Ligand code: GLU
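In the working numbering, the protein residues as written are 2 to 457.
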């Protein structure tokens, strides 16, 4: 085997490459049954199963094929690594097309396997993106800017503020739409935070991620980018939303409001769900269907009102998941460390163990805002129903009818901008960006697994 052996493959695949004299980035033609595939041999994620070859088809999609099933494979061209191949690519601007800017923050979307290390690295200069997802060139003139290259578990409130500042600048610049690529793990926190931090948006701000990196077979990166970019370019909405695959059919994307969306599955591609409601709409290629009526339409935006961004965010906030037998020292710790706010993800209607009440009272008396959100995710707080809830209310706990992550992002924003105790309580309980629902649309709960009634 030459030195240009495709990275990340195991025994069976390696033997196959050796037998057929195939190197990384070779252009190959493969015959399998009645099908003929042409594509480029990709490096592979080292944890993937043995006995497959992975190729990038000319349409930008990746597929994995079992070596045993391949009747014939021929090298039809030798390719240098992608990054070199695309180096000289010119991207023409088309005045008739909308202008969209894509802000990159990291995560696996728009990442590729590093040719040298075999690891996934974030990489999207415009030419790399266009090369990986050629459809984007049809949709719009796309500019890209990398703000960070981090995985989303490493995001901090100051990262949310930085994204919000970039979004604000672009919204005021006369651009048509914004796409933000982001790791999926904490995507819902960021969409919520930016929804609060940025006011008077002029354009769609569409967050997208992918559950499988661009170089893996059946990656969702391309389809989410296509849907997200179409929505940013042409969608009549001026809100922060998340757009990712909506069902196991992998054909359409669902459009979720930024303050109501949550990652509900660790691995499937249709991992995101709107909680407490139905999604705002859906998108298939460029066809957008709105399900909800209370949407801030781009066509109704008053452009006289500048988009503004909050200047500060409070990082010393904690999100505490209540559980049976939990130690009250958790609350004491946050008090002693000078935290300014604590969101409790309470049980049931908004409860916490009685033995924690002293610490909760101490926190409130030391000026810490204590907010109650619900670990049930669905439903509203009902803190007057049981004595536990009533006592917590008497201590000064603020009920917040929103998902815990949104309550956390909102508290970080509120405490960065307001000092007065009553004002903090009032803003926490006022609907700012669709986080507090007037009522729960039960259809949302019933269809949250991505099935229609017919499919049950
Ligand atoms: N855990 C990483 C993140 O959330 C990678 C997974 C992904 O991008 O979805 O950024």
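A virtual CB, placed ideally from N, CA and C, is assigned to each residue, including glycine. All values reported here derive from a predicted model rather than from experimental measurement.
Whole-angstrom distance between residue j and residue i, CA atom to CA atom
| i | j | result |
| --- | --- | --- |
| residue 384 | residue 168 | 37 Å |
| residue 25 | residue 51 | 16 Å |
| residue 335 | residue 319 | 8 Å |
| residue 287 | residue 166 | 28 Å |
| residue 58 | residue 439 | 48 Å |
| residue 260 | residue 241 | 8 Å |
| residue 136 | residue 253 | 16 Å |
| residue 323 | residue 308 | 38 Å |
| residue 31 | residue 134 | 22 Å |
| residue 42 | residue 78 | 11 Å |
| residue 405 | residue 206 | 22 Å |
| residue 270 | residue 221 | 7 Å |
| residue 375 | residue 352 | 9 Å |
| residue 445 | residue 281 | 11 Å |
| residue 403 | residue 362 | 23 Å |
| residue 2 | residue 36 | With a pLDDT of only 40 at residue 2, under the threshold of 50, the placement of this residue in the model should not be trusted, and no figure is reported. |
| residue 391 | residue 443 | 27 Å |
| residue 357 | residue 420 | 26 Å |
| residue 103 | residue 145 | 5 Å |
| residue 304 | residue 170 | 14 Å |
Cβ-Cβ distance between residue i and residue j below 8 Å
| i | j | result |
| --- | --- | --- |
| residue 416 | residue 342 | yes |
| residue 1 | residue 347 | The question about residue 1 has no answer, for the chain in this structure spans 2 to 457. |
| residue 311 | residue 414 | yes |
| residue 185 | residue 272 | yes |
| residue 371 | residue 350 | no |
| residue 1 | residue 243 | Past the edges of the chain, shown from 2 to 457, lies residue 1, and the structure says nothing about it. |
| residue 276 | residue 263 | yes |
| residue 231 | residue 332 | no |
| residue 187 | residue 153 | yes |
| residue 204 | residue 176 | yes |
| residue 101 | residue 179 | yes |
| residue 69 | residue 63 | no |
| residue 150 | residue 189 | no |
| residue 158 | residue 314 | yes |
As assigned by DSSP and simplified to three states, the class of residue i
| i | result |
| --- | --- |
| residue 277 | coil |
| residue 1 | This structure gives no information on residue 1, because the portion of the chain shown stretches from 2 to 457. |
| residue 94 | coil |
| residue 154 | helix |
| residue 172 | helix |
| residue 77 | strand |
| residue 248 | coil |
| residue 322 | strand |
| residue 445 | helix |
| residue 370 | strand |
| residue 200 | strand |
| residue 53 | strand |
| residue 291 | strand |
| residue 437 | coil |
| residue 364 | helix |
| residue 102 | strand |
Contact test: residue i Cβ vs the ligand GLU heavy atom, cutoff 7 Å
| i | result |
| --- | --- |
| residue 78 | no |
| residue 189 | no |
| residue 109 | yes |
| residue 229 | no |
| residue 185 | yes |
| residue 212 | yes |
| residue 1 | A question about residue 1 goes unanswered here, because the residues of the chain that appear run from 2 up to 457. |
| residue 153 | yes |
C-beta neighbour in chain D for residue i, strict 8 Å
| i | result |
| --- | --- |
| residue 329 | The chain labelled as chain D is not found in the depicted structure, where only one protein chain is given. |
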